[in-house]
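**Q** Protein chains in written order, with the numbering used here: chain A, 18 to 272; chain B, 18 to 272. Glycine included, each C-beta is placed from N, C-alpha and C at the ideal position. These numbers come from a predicted model, not from an experiment. Okay, here's the structure, questions in a sec.
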DNA sequence: GCGGGCAACTGGTTGAACCAGTATCTTCCT
DNA sequence: AGGAAGATACTGGTTCAACCAGTTGCCCGC
């Protein structure tokens, strides 16, 4: 089935159903601080009335919240808002960065995320260098070529989408379930960002060279070179983002 | 409320309800390969009969599977098993390592996890060195002292639990939401392992020294020293585990 | 042969009733 | 008066029986 990347297409936004909508709203209220950790939610029967639905549908929403560690549910005692800062997982990133209460906290999370992403990609590229198959390399080269072409055309939106696909293929090439599972929430976050702000991708003159350098190192199974090439690129480009974000931090005086 | 660590106590295993039981069973069937990616599940009405329950309860289980990216549900088309290897998240680790189909794959995941954990903890300790408050340091020192005491007593079970608490406090001291959210699934996995095999903790003579070294570096806000101390320790102790696991890989000839 | 519509799936939603834990208040016995 | 036992009024957990709403494909009529 041709290794569907699932990055392109699939723009058929699934029609949000009732339970999903309620889940997203409660998630928003928790992440925004409107509902605080330790606070008790209204009873299921009341919540169902509030959301103009029935208990069964509302309970489906609660199951999602529970699975995301956003609430704890105990028979006979009600539903309690959990401390997502301690109990959450990376899957919360997109929602939190969009709906978190404090701008400063969101910016700080973004700053931390940049570094974590760089370290994660270093692990990925190191593994890709030692484990990639010829097919992996061929696919990566193909995607890289598309990227270079897009770069020459100056098509930022295409580059952004292509970068996502390239990173995804790189994670595939690492052949590591833990890395894939760690990368997934970050990639998903990246994808959602690009859906909303395709122009956010940082145009850097060194991008084609970076792609070429990583590809050469991966082809040569040279982990160290792959890591250092990638690190050098991110240290430079992330610096731009960090500068922008820290400036934003200073100018903002929220709360 | 005294910063409950939520690591000790809480041994009151929540009585698993119907939906949770069904969720866990379907998760097991998917992770074990009994239900393969792309395969269609039976209709909700049939599944409800199979599990001797009603549709609403079964749907609550499906919402959890859906939220864990183990299935995709489409109105009018049924429920399809997703490819957890590509779509999964770190939260699957405990279940997969327990119920994955292939022993070789499970061991390989464990091997990759060891390295990813080491890298993650390096990030954590680096941040802890630069961001820890005096309260963080005090708590870490307190926990470290308990660990040394337990080490002298040779109480492996206590050390294992304490190590978990210490790592958890270290993540707190890093004051980074992305790191906390990345660490949570790994810590949770560690906790579950210890619940089942408390003796698995590797007793290493260098442990007290490692604790002391990290504490000193964190107190002195010396990121580099903290990272190198931690890396040196893990490179040595993980080596033991890697050896054991690779030996297990060779002796096993599954499938 | 082709097109439209009907029929038979699928999941999504609804409402009501009852089961089962938990906490609290009340009552009755000591 | 004090304390224990039980009634009560919450909470979530489970069940049932409909009906609504997308999808698919068959089948009939043109």
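#1: What did DSSP end up calling residue 230 of chain B once you bin it into helix, strand or coil?
#2: Tell me where the beta strand (DSSP E) around residue 89 of chain A begins and ends.
#3: For residue 44 of chain B and residue 135 of chain A, I'd like the C-alpha separation in whole angstroms.
#4: Is residue 245 of chain B close to chain A? Criterion is C-beta to C-beta, closer than 9 Å.
#5: Using a beta-carbon distance below 9 Å, is residue 197 of chain A in contact with chain B?
#6: To be precise: take each residue of the region 53–83 of chain A, compare its Cβ to all Cβ atoms of chain B, and keep it if any distance is under 7 Å. Which residues remain?
#7: Please confirm if residue 144 of chain B has its CB atom under 9 Å from at least one CB of chain A.
#8: Whole angstroms is fine: what's the gap from residue 70 of chain A's alpha carbon to residue 41 of chain A's?
#9: Output yes if chain B places a C-beta closer than 9 Å to the C-beta of residue 33 of chain A; else output no.
#10: Hey, out of A:138, A:219, A:141, whose CA is closest to residue 177 of chain A's CA?
#11: Just to make sure I have the definition right: I need the residues of chain B whose C-beta is within less than 7 Å of the C-beta of residue 193 of chain A. Which are they?
#12: Within 9 Å (strictly less), CB to CB, does residue 102 of chain A reach chain B?
#13: To the nearest angstrom, report how far apart residue 97 of chain B and residue 141 of chain A are at their CA atoms.
#14: Answer with yes or no whether the minimum CB distance from residue 126 of chain B to chain A is below 9 Å.
#15: Return yes when the Cβ of residue 208 of chain B is within less than 9 Å of the Cβ of residue 181 of chain B, no when it is not.
#16: So, is the C-beta of residue 28 of chain A closer than 9 Å to a C-beta in chain B?
#17: Sorted by chain position, which residues of the same chain lie with C-beta nearer than 7 Å to residue 175 of chain A's C-beta, five sequence neighbours on each side aside?
#18: Check this for me: beta carbons of residue 104 of chain A and residue 201 of chain B, under 9 Å apart or not?
#19: With H, G and I counted as helix, E and B as strand and the rest as coil, what does DSSP make of residue 97 of chain A?
#20: Measuring CB to CB, does residue 190 of chain B end up less than 9 Å from residue 244 of chain B?
#21: Tell me whether residue 20 of chain A sits in a helix, a strand or coil according to DSSP, three-state version.
#22: Using a Cβ-Cβ cutoff of less than 7 Å, which residues in the same chain neighbour residue 74 of chain A once the five nearest sequence positions on both sides are dropped?
#23: The alpha helix (DSSP H) that contains residue 84 of chain B, what's its start and end?
#24: Is the shortest distance between the beta-carbon of residue 161 of chain A and the beta-carbons of chain B less than 9 Å?
#25: Assess contact between the region 121–130 of chain B and the region 119–130 of chain A, defined as three or more Cβ pairs (one per stretch) separated by less than 8 Å. Is contact present?
#26: Under 6 Å Cβ to Cβ from residue 197 of chain A, same chain only, skipping five residues before and after it: list those, please.
#27: By a C-beta neighbour count over all protein chains shown, 10 Å radius and 16 as the cutoff for buried, is residue 217 of chain B buried or exposed?
#28: Does the beta-carbon distance from residue 157 of chain A to residue 149 of chain A come in below 9 Å?
#29: Is it right to say residue 212 of chain B is buried, meaning 16 or more other beta carbons lie within 10 angstroms of its own, or is it exposed?
#30: Just to confirm the assignment, what range does the alpha helix (DSSP H) spanning residue 209 of chain B have?
#31: So is residue 268 of chain B buried or exposed if we call it buried at 16+ other beta carbons inside 10 Å?
#32: At a Cβ threshold of 9 Å, is residue 248 of chain B touching chain A?
#33: How many angstroms separate the CA atom of residue 256 of chain B from the CA atom of residue 240 of chain A?
#34: Of all Cβ atoms in chain B, is any one closer than 9 Å to the Cβ of residue 111 of chain A?
#35: Going by DSSP, what residue range makes up the alpha helix (DSSP H) through residue 125 of chain A?
**A** Here's the rundown:
#1: helix
#2: Taken as a continuous stretch (DSSP letters only), the beta strand (DSSP E) holding residue 89 of chain A covers 88–91.
#3: 32 Å
#4: no
#5: yes
#6: 73, 76, 77, 80, 81
#7: yes
#8: 15 Å
#9: Nearest CB-CB separation between residue 33 of chain A and chain B: not below the 9 Å threshold.
#10: That would be A:219, whose Cα lies nearest to the Cα of residue 177 of chain A.
#11: 129
#12: Among the CB atoms of chain B, one or more fall inside 9 Å of the CB of residue 102 of chain A.
#13: Spanning the two alpha carbons is a distance of roughly 29 Å.
#14: yes
#15: yes
#16: For residue 28 of chain A, the predicted structure reports a pLDDT of 38, less than 50, and the residue's modelled location is therefore unreliable. A value from the coordinates is still provided. By this cut-off, residue 28 of chain A is not an interface position.
#17: 167
#18: yes
#19: Three-state DSSP puts residue 97 of chain A in a strand.
#20: no
#21: Bear in mind that a pLDDT of 33 at residue 20 of chain A, under 50, signals an unreliable position, so the number given afterwards is only what the model happens to contain. Correct three-state label for residue 20 of chain A: coil.
#22: 35, 36
#23: 72–84
#24: no
#25: no
#26: Result list for residue 197 of chain A: 188, in chain order.
#27: Exposure of residue 217 of chain B is indicated by the presence of fewer than 16 other C-beta atoms within 10 angstroms of its C-beta.
#28: Yes, Cβ-Cβ distance for residue 157 of chain A and residue 149 of chain A is below 9 Å.
#29: exposed
#30: 194–213
#31: exposed
#32: no
#33: 20 Å
#34: no
#35: 120–148
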